[in-house]
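Using this note's numbering, the first residue of the sequence shown is number 1, and each one after it goes up by one. Don't be surprised by glycine CBs; every beta carbon is placed ideally from N, CA and C. Encoded as structure tokens, the structure appears first; notes follow it.
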Amino acid sequence: MNLASTGSAASGRDASLALNGAEFAGRRRQLMDMAGDDAVLLLAAAPERMRNADAAWPYRQDSDFHYLSGWPEPAAVLALLPGRQHGEAVMFCRERDPEHERWHGQSVGTERAVADYGMDDAFPIEDIDDILPGMIEGRARVYCHFGREPEFDAQLMGWMRRLRQLRGGGVVPKEFAALGHLLHDLRLYKSRGELKLMRAAAAVAVEAHRAAWQAARAGAHEYEVEAELLRSIRRHGAVAAFVPTVAAGANACVMHYRANRAPLRDGDLLLIDAGAEMDGYASDISRTFPVNGRYSTAQRALYDVVLAAQHAAIDAVRPGQPFGAAHAAAVQVLAEGLCQLGLLKGDADAAVASGSYRRFFPAKTGHWLGLDVHDVGDYRVGGESRLLESGMVLTVEPGLYVPPDDLSVAERWRGIGIRIEDDVAVTREGHEILSAALPRDADEIESLLALR
């Protein structure tokens, strides 16, 4: 099984980046072993979603469905049936249809589901109501994502009713369990192949940020810079992992700014938060730099505080450390800097204890990263911050955001928003900064901007 139709080879990218069929099969095996022989695991592909009228959004597969199959299409259901004699991994999918393909392009079909995607068996999606209930019969538990796709939930309940009516209720699964409890813990640990894709996604995003820096000049608009980001990402066959934030001046103080319409002015800082997605895997990088190429004294002072906080946070990313250690380290440095610069009164320990620093840093310092930008996985285990382990990937993104209308601080600080964000993989020895190729040091950034 080659999975070439959904991998890098199909888009002209380096074929060595594509995950092979053995990796997807191994994930399915591991999940079924966790579920047990008396369980059935059911996943529905993401439906096609309409933007308006009959115009669809670009299709993006459900991350869990992709993780277990690499399947690129909607209108599909994956059934995992541990111990089934005639095959444990069964795909229900669209059958090949010349008329449909004339309008929408080639479908995978049931034959290639087995030959190219490693399924043990495959059936037309139109036949699922006749076939799948019999496969569920006799199983003790059903693992499923309840509440994610209401249409599929209703279909599943219909199968349960049919089994009760036909068999008197003696062989209907008695337990329904959330699939995420098993599957999302698997997704938290990245394989070598996944890390290779995430390095590639970071490299594409780094190049896109550099291209955006070249376009960021006084008189341009945020959307022109965004256009350079998207152009650079797409030229590598990738897509944007999320709608980029391109926030000039005080717009950077809006945590999830998305308008991207304002003009860039001489003296502004420009905060760019953007990432690329390669074969489903995301990067997420933020930088803040001066439009005119030089940080003002106030901008540089706050920038250096944020950079020092990020260094401290990244130093805390290593095996055995709690996930929350990076945030604690960043907050301590931010509080110290805010007190030294006079934006907060008193000492840093008091600012941390009281939470007064949150006026300027209301966010957390990072999140898991993977198939989702804010990836799955518990942050706390047994009531305690989860201990980091090799293979986990997270962002580290401290910032300072001084509201433009905050009259409690000197005018020179108002309206400055700064975020520095990198993607960091936990390794056996410590950590790897996947996005390290994009400069963070203020002097280095100014030197690069001087070459425009």
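According to DSSP, residues forming a beta bridge with residue 362 | In DSSP, residue 362 forms no bridge with anything.
For residue 243, I'd like the list of residues in its chain whose CB is within less than 6 Å of its CB, leaving aside the five on either flank, ordered along the chain.
-> 258
Three-way DSSP call (helix, strand, coil) for residue 251 in this model | helix
Would you list, in sequence order, the uninterrupted alpha helix (DSSP H) runs of no fewer than 4 residues that lie entirely inside the region 125–197?
-> 128–136, 150–167, 180–187
With 16 other Cβ atoms within 10 Å as the buried cut-off, status of residue 63 | buried
Excluding the five sequence neighbours on either side, which residues of its own chain have a C-beta within less than 6 Å of the C-beta of residue 453, listed in chain order?
-> Residue 453 is absent from the model: the chain starts at 1 and stops at 452.
Just the Cα atoms here: how many angstroms apart are residue 49 and residue 277?
-> 19 Å
Is DSSP giving residue 385 helix, strand or coil here?
-> strand
Pull up the distance between the alpha-carbon of residue 34 and that of residue 252, whole angstroms please.
-> 45 Å
Measure the alpha-carbon distance for residue 406 versus residue 414 and round it to whole angstroms.
-> 7 Å
In the DSSP assignment, find the alpha helix (DSSP H) that holds residue 448 and state where it starts and stops.
-> 442–449
Where does residue 288 fall in DSSP's three states?
-> strand
Contacts around residue 302, its chain only, beta-carbon distance under 6 Å, and the 5 residues preceding and following it disregarded = 400, 416, 418
In three-state terms, what does DSSP make of residue 277?
-> strand
Give me the Cα-Cα distance between residue 14 and residue 45, rounded to the nearest whole angstrom.
-> 26 Å
Separation of residue 248 from residue 261, as counted between CA atoms | 9 Å
Pull up the CB-CB distance for residue 148 and residue 38, whole angstroms please, since I reckon it's below 8 Å.
-> The Cβ separation is near 24 Å, so there is no contact.
Can you name the start and end residues of the beta strand (DSSP E) that residue 422 belongs to?
-> 422–426
For residue 32, three-class secondary structure by DSSP = helix
Three-state class that DSSP yields for residue 123 in the structure shown | strand
Distance, residue 107 Cα to residue 7 Cα | Legend: pLDDT at residue 7 = 39, less than 50; position of this residue unreliable, value from coordinates given subsequently. Their Cα atoms are separated by approximately 15 Å.
Is the distance from the Cβ of residue 438 to the Cβ of residue 236 below 8 Å?
-> no
Determine the closest residue to residue 265 out of 202, 184, 293, with distance taken between C-alpha atoms.
-> 293
When DSSP builds the beta bridges, which residues end up paired with residue 110?
-> For residue 110, which the question treats as bridged, DSSP gives no partner whatsoever.
Under the rule that 16 or more other beta-carbon atoms within 10 Å means buried, what is residue 197, buried or exposed?
-> buried
Measure the CB-CB distance between residue 398 and residue 317 and report whether it falls below 8 Å.
-> no
For residue 433, which of helix, strand or coil comes out of DSSP?
-> strand
Rounded to whole angstroms, what's the CA-CA distance from residue 345 to residue 284? Just pull it up for me.
-> 34 Å
Cβ atoms of residue 176 and residue 146: under 8 Å apart, would you say?
-> yes
Within the same chain, show all residues whose beta-carbon is closer than 8 Å to that of residue 227, passing over the 5 residues directly before and after it, in chain order.
-> 215
With 16 other Cβ atoms within 10 Å as the buried cut-off, status of residue 392 | buried
Residue 443 classed as buried or exposed, judged by whether at least 16 other C-beta atoms fall within 10 angstroms = exposed
Residue 324 lies in the alpha helix (DSSP H); which residues open and close that run?
-> 324–341
Under the three-state DSSP convention, the category residue 376 falls into = coil
Measuring CB to CB, does residue 41 end up less than 8 Å from residue 80?
-> yes
Is the region 379–395 touching the region 353–361, taking contact as three or more C-beta pairs under 8 Å?
-> no
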